[in-house]
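To start, the structure itself, in structure tokens.
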Amino acid sequence: MDILEEIIAHKRIENERNRQIMPLRKLATEVDRLMESKGQQAEGGSMRKALIDSTSGIIAEFKRRSPSKGWIHQSALATEVPLSYQQHGAAALSILTDETYFGGNDSFIVDARQSGVTIPVLYKNFVIDEYQLLQARRCGASAVLLIAAAIDYDTCSQLCREAHNLGMEVLLEMHGERDLDYADLAPDLYGINNRNLGSFVTDVENSFHMASRLPKEGCKVSESGLSNPETVNSLRLAGYRGFLMGEQFMKQEHPGLALDAFIKDLAR
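What follows is the structure, given as structure tokens:
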């Protein structure tokens, strides 16, 4: 069993446990009431538009740990770092909500919103069923991540529709050419993960390789392993408009200031 298979197996158990605590029907009723009071579109607005309109396209990620590297910034607070990212120029945010493998929690998005975050937030988790979409909408996410390697085509198609019905956008993550069939689902954002989720080996060249294989008009996002401003600028020339970065900033004492410095380097 590779790392992704292990995570998905655990996620199925976790989802079933959560359903016992909060039944699907009750959660759906809560979300219906939320949408009645706050409107159809999720908080933060369109992530796609935010990236297209941004000069940097940086999706700054709140990521405290990873399965391959352990704790990156254990003391980081969701009440502080996401807002600092926003204040220092992030086009959008990604917040890890998987607890077991990434030290995240749905409450981190709630905390970020309550601290003053108003820009789009990606619900970063291993989403495999509708229950998690409802969790994402309830906690204040603007978009959800769907991973081609984690779900079959039909499930992904269904989850895309349900996410849109809940007023959220979809970042569809692919890695290699075997995932390209999923691009036909026309998500809001086309993600290319430079990290193989089975082995956790990372190669930024993957984004360059896959760029021409994605729909020309699609909003493309390069994910993982980005640390050099020159690489980001080269990816923009290759057609990317979003750049998801976490460890590069989170390993610093002040992630928001690290983002600020990176964006200034991009402009030079």
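The sequence shown runs 35 to 302 under the working numbering.
All residues carry an ideal CB built from backbone N, CA and C; glycine is no exception.
Identity of the residue in the options nearest residue i by Cα
{"i": "K254", "options": "I42, R82, R59 and T113", "result": "R82"}
{"i": "G150", "options": "Q120, D186 and V65", "result": "Q120"}
{"i": "F160", "options": "N49, H288 and I55", "result": "N49"}
{"i": "L206", "options": "H243, D145, G252 and L38", "result": "G252"}
{"i": "G78", "options": "T236, G259 and E203", "result": "E203"}
{"i": "E114", "options": "I37, A182, A301 and Q148", "result": "Q148"}
{"i": "A62", "options": "H243, Q169 and L38", "result": "Q169"}
{"i": "P101", "options": "F142, E281, S80 and R302", "result": "E281"}
{"i": "N227", "options": "G259, H198 and T131", "result": "G259"}
{"i": "E133", "options": "K103, I162, K97 and P154", "result": "K97"}
Outcome for residue i when other beta-carbon atoms lying within 10 angstroms are tallied against a minimum of 16
{"i": "D140", "result": "buried"}
{"i": "S261", "result": "exposed"}
{"i": "R275", "result": "buried"}
{"i": "D145", "result": "buried"}
{"i": "G174", "result": "buried"}
{"i": "L291", "result": "exposed"}
{"i": "Q166", "result": "buried"}
{"i": "G73", "result": "exposed"}
{"i": "T152", "result": "exposed"}
{"i": "Q54", "result": "exposed"}
{"i": "P249", "result": "exposed"}
{"i": "A220", "result": "exposed"}
{"i": "K45", "result": "buried"}
Within 8 angstroms, strictly: CB atoms of residue i and residue j
{"i": "L156", "j": "L179", "result": "yes"}
{"i": "F277", "j": "S256", "result": "yes"}
{"i": "H107", "j": "M279", "result": "no"}
{"i": "E239", "j": "E196", "result": "no"}
{"i": "C190", "j": "Y224", "result": "no"}
{"i": "S90", "j": "G138", "result": "no"}
{"i": "R172", "j": "E70", "result": "no"}
{"i": "R247", "j": "E211", "result": "yes"}
{"i": "V13", "j": "L300", "result": "Since the first residue of the chain shown is 35 and the last is 302, residue 13 is not available in this structure."}
{"i": "L68", "j": "A94", "result": "no"}
{"i": "K158", "j": "I181", "result": "no"}
{"i": "S176", "j": "A125", "result": "no"}
{"i": "A112", "j": "F136", "result": "no"}
{"i": "I297", "j": "I92", "result": "yes"}
{"i": "L231", "j": "A183", "result": "yes"}
Span of the beta strand (DSSP E) around residue i
{"i": "L130", "result": "A126 to L130"}
{"i": "M279", "result": "Y274 to M279"}
{"i": "V255", "result": "K254 to E257"}
{"i": "E133", "result": "Careful: E133 lies outside any beta strand (DSSP E) and carries neither H nor E."}
{"i": "M202", "result": "Where M202 is concerned, there is no enclosing beta strand (DSSP E), given that its DSSP letter is neither H nor E."}
{"i": "G210", "result": "Here G210 belongs to no beta strand (DSSP E), and DSSP marks it neither H nor E."}
{"i": "N227", "result": "L223 to N227"}
Bounding residues of the alpha helix (DSSP H) (the contiguous stretch that carries residue i)
{"i": "I185", "result": "Careful: I185 lies outside any alpha helix (DSSP H) and carries neither H nor E."}
{"i": "N240", "result": "E239 to A245"}
{"i": "M69", "result": "L58 to K72"}
{"i": "E48", "result": "I37 to I55"}
{"i": "S233", "result": "Looking at the DSSP string, S233 is not in any alpha helix (DSSP H), and its letter there is neither H nor E."}
{"i": "I92", "result": "From DSSP, I92 is part of no alpha helix (DSSP H) but of the beta strand (DSSP E) over I92 to F96."}
{"i": "V161", "result": "Careful: V161 lies outside any alpha helix (DSSP H) and carries neither H nor E."}
{"i": "N139", "result": "Careful: N139 lies outside any alpha helix (DSSP H) and carries neither H nor E."}
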